[in-house]
Amino acid sequence: MKSSDSSTPHPRQPSTAAAAPVTTTSSPFSGPAGTVVTLTGTGFTNATAVAFGGTPAASFTVVSATEITAVAPAGAGTVQITVTTPDGTSSGKGFTYTIATPTISSIAPNQGSVEGGNTVALTGTGFTGATSVRFGTVAAAFIAVSETQATAVAPAAPVGTVNVTITTPGGTSAGIPYTYVAVPVLGSVAPAQGPLGGGNSITLSGTGFTGTTSVHFGANAASSFAFVSANQLTATVPAGGPGPVPVTVTTPGGTSGPGVFYYYVGAPVLSSAIPGAGQVGGGNSVTLTGANLLQATAVRFGVTAATNYIIVSATEIRATAPPGVAGTVQVTVTTPGGTSNGAPYVYLSAPVVVGLVPNQGPSAGGNTVTFTGVGLTYTTAVLFGSVPAGFTVVSDTQLIVTVPPGAVGAVTVRVVTPGGTSVGVPYTRLVPPGI
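Following the numbering used here, the numbering of the sequence shown begins with 3 at its first residue and continues without gaps.
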């Protein structure tokens, strides 16, 4: 039997190894991070990675064995894009990173005071590496927070609208409007007073009220407010403590200088006026007692204002009576809380004594004399010379007087009332009869 020739070659077996992927094109060739790049070639079916330089793609999608799309990760300069499968890694295709021009999509707030100083938030894209933020042509202090957000401090500027821009190595964004608003001015508060409990409506007048965000009475916000015009607001007063408080208006332009609102305790009340009578010529001191008398702005005797008064406390005022006409008037006190009830006060003419019956008597006194005259009701003293006598008021025209002892002879007798002192009339003391 013929042996086989070992030198005769056997048929070659087919190879089962797959080829490494091959990248033939990439598009686009450049762009910023986030650019979607399409790769074409072969052997992409089981791709496990796409890399831009040594950095994995942000994401990739195997479209087919001949196409992959990949999202460029952050990077710089020119890098090689490679595709890796279990069978190997492709040769690279060049990709050049460019920096996108920044864009601003929103600004908040979009207005502020001409004085500047407020913080403004910018939202958009491409903020990384920002070199400046400008309000119009004026550079602002800023902080680049992220690729999509930055904060800036608005510089001062005149009233009007400017464009805000941000600049990076990729260029300068299109502008977005920001409006400078004047600081509001509060000219008047009317009425400028009200009760402690608040609830009353007042009108604020001034300028620059457009866009009002708050009205404050001291530290307390108004219960509500309504915009009427750039020059007028209405506000409901909140509860507060007694006394004056500053009123301010706040808008995007800032906070106004203060007006004044006065909280009062309540309407004043009078319980008495002492003395309750005085001469028509005025000038005497009258003590008024009651409640809520602080911050008195006027004291009146009838329709006549007292030109001199002192507020002693919430319950007492001392006033000098002005001149008046004989008769009774009502004394009133006015405060920011209103005008009090009246307390009666009588203006008196000086009394007149027309007769004494009898007009003489023993020097030892003790006898009674009837005085007749006019204006005797408010008698406070009857004087024999300088010596006071006991007396009883019978009516406005009559007194019964007990004569005090004194020297023999004539003595001048006078009647004293708050209206003054009468003209003297004579009374004669006699020598006791002998035994």
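By construction, the Cβ of each residue, glycine as well, lies at the ideal position given by its N, Cα and C atoms.
Treat the numbers as computed from the prediction; the structure is a model and nothing was measured.
Starting from residue i, follow its DSSP beta bridges and name the residues at the other end.
{"i": "V335", "result": "V301"}
{"i": "L41", "result": "S28, I70"}
{"i": "F137", "result": "V140, V166"}
{"i": "F219", "result": "N222, V249"}
{"i": "S93", "result": "None; S93 has no bridge partner."}
{"i": "I204", "result": "A237"}
{"i": "S295", "result": "Note on identity: in this sequence residue 295 is Leu, with Ser being the wrong assignment. DSSP, once it has assigned bridges, lists no residue as partnering L295."}
{"i": "P179", "result": "N165"}
{"i": "A51", "result": "T86"}
{"i": "L124", "result": "I109, A152"}
{"i": "A192", "result": "T205"}
{"i": "S274", "result": "T291"}
{"i": "S115", "result": "V183"}
{"i": "I312", "result": "R320"}
{"i": "G256", "result": "T253"}
{"i": "Y347", "result": "V331"}
{"i": "P58", "result": "A53"}
{"i": "P407", "result": "Paired residue(s): none; P407 is not in a bridge."}
{"i": "G326", "result": "BP columns for G326 are empty, so no partner."}
{"i": "Y266", "result": "P197"}
Report the rounded CA-to-CA distance for residue i versus residue j, giving the unit in angstroms.
{"i": "T423", "j": "A321", "result": "22 Å"}
{"i": "G280", "j": "F393", "result": "20 Å"}
{"i": "V239", "j": "V331", "result": "37 Å"}
{"i": "T317", "j": "N294", "result": "7 Å"}
{"i": "G387", "j": "Y266", "result": "53 Å"}
{"i": "G329", "j": "G285", "result": "16 Å"}
{"i": "T127", "j": "P88", "result": "37 Å"}
{"i": "L296", "j": "I313", "result": "7 Å"}
{"i": "P277", "j": "A366", "result": "35 Å"}
{"i": "S225", "j": "T236", "result": "11 Å"}
{"i": "A90", "j": "S107", "result": "Contrary to the premise, residue 90 reads as Gly rather than Ala in this sequence. One C-alpha to the other measures close to 44 Å."}
{"i": "A22", "j": "T37", "result": "26 Å"}
{"i": "V81", "j": "G172", "result": "19 Å"}
{"i": "L272", "j": "A412", "result": "47 Å"}
{"i": "T33", "j": "A78", "result": "First, the amino acid is wrong: residue 33 is Gly here, not Thr. Rounded to the nearest angstrom, the two C-alpha atoms are 10 Å apart."}
{"i": "R302", "j": "L350", "result": "17 Å"}
{"i": "T125", "j": "T63", "result": "30 Å"}
{"i": "G119", "j": "P246", "result": "31 Å"}
{"i": "T291", "j": "T253", "result": "47 Å"}
{"i": "S274", "j": "A223", "result": "40 Å"}
{"i": "V359", "j": "V333", "result": "39 Å"}
Does the Cβ of residue i have 16 or more other Cβ atoms within 10 Å, making it buried, or fewer, making it exposed?
{"i": "S92", "result": "buried"}
{"i": "T27", "result": "exposed"}
{"i": "A345", "result": "buried"}
{"i": "P338", "result": "buried"}
{"i": "T50", "result": "exposed"}
{"i": "F31", "result": "exposed"}
{"i": "I168", "result": "buried"}
{"i": "T289", "result": "exposed"}
{"i": "G255", "result": "buried"}
{"i": "A20", "result": "exposed"}
{"i": "V230", "result": "exposed"}
{"i": "A221", "result": "exposed"}
{"i": "I145", "result": "exposed"}
{"i": "R14", "result": "Residue placement at R14 is poorly supported in this model, since its pLDDT is 48, which falls under 50; the coordinates still yield a value, given next. With fewer than 16 Cβ atoms within 10 Å of its Cβ, R14 is classed as exposed."}
{"i": "A141", "result": "exposed"}
Are the CB atoms of residue j and residue i within a distance shorter than 8 Å?
{"i": "V155", "j": "T121", "result": "yes"}
{"i": "A59", "j": "V73", "result": "yes"}
{"i": "R431", "j": "L385", "result": "no"}
{"i": "G213", "j": "G189", "result": "no"}
{"i": "F137", "j": "V164", "result": "yes"}
{"i": "P325", "j": "A308", "result": "no"}
{"i": "V262", "j": "A194", "result": "yes"}
{"i": "T372", "j": "P353", "result": "no"}
{"i": "V191", "j": "I204", "result": "yes"}
{"i": "V166", "j": "I178", "result": "yes"}
{"i": "F97", "j": "V135", "result": "no"}
{"i": "V65", "j": "G45", "result": "no"}
{"i": "A232", "j": "G210", "result": "yes"}
{"i": "G408", "j": "V389", "result": "yes"}
{"i": "V185", "j": "S287", "result": "no"}
On the premise that residue j lies in contact with residue i, defined as a C-beta separation below 8 Å, what is that separation, rounded to the nearest angstrom?
{"i": "P270", "j": "V335", "result": "5 Å"}
{"i": "G242", "j": "F227", "result": "Their Cβ separation, rounded to whole angstroms, is 16 Å, which puts G242 and F227 out of contact at 8 Å."}
{"i": "T181", "j": "Q113", "result": "4 Å"}
{"i": "V403", "j": "A391", "result": "5 Å"}
{"i": "G421", "j": "G377", "result": "6 Å"}
{"i": "V405", "j": "N361", "result": "With a Cβ gap of about 11 Å, V405 and N361 do not count as contacting."}
{"i": "T379", "j": "Q400", "result": "Wrong, their Cβ atoms sit about 10 Å apart, outside the cutoff."}
{"i": "T105", "j": "A176", "result": "7 Å"}
{"i": "T170", "j": "A132", "result": "5 Å"}
{"i": "G94", "j": "T86", "result": "Not confirmed; about 11 Å, so no contact."}
Distance cutoff 8 Å, beta carbons only. Does residue i sit that close to anything in chain B?
{"i": "T212", "result": "Chain labels in this structure do not include chain B; a single protein chain is all it has."}
Closer than 7 Å to a non-hydrogen atom of the ligand NAP - does that hold for the CB of residue i?
{"i": "S190", "result": "For the structure depicted, the ligand NAP is absent and the ligand set is empty, with no information on it obtainable."}
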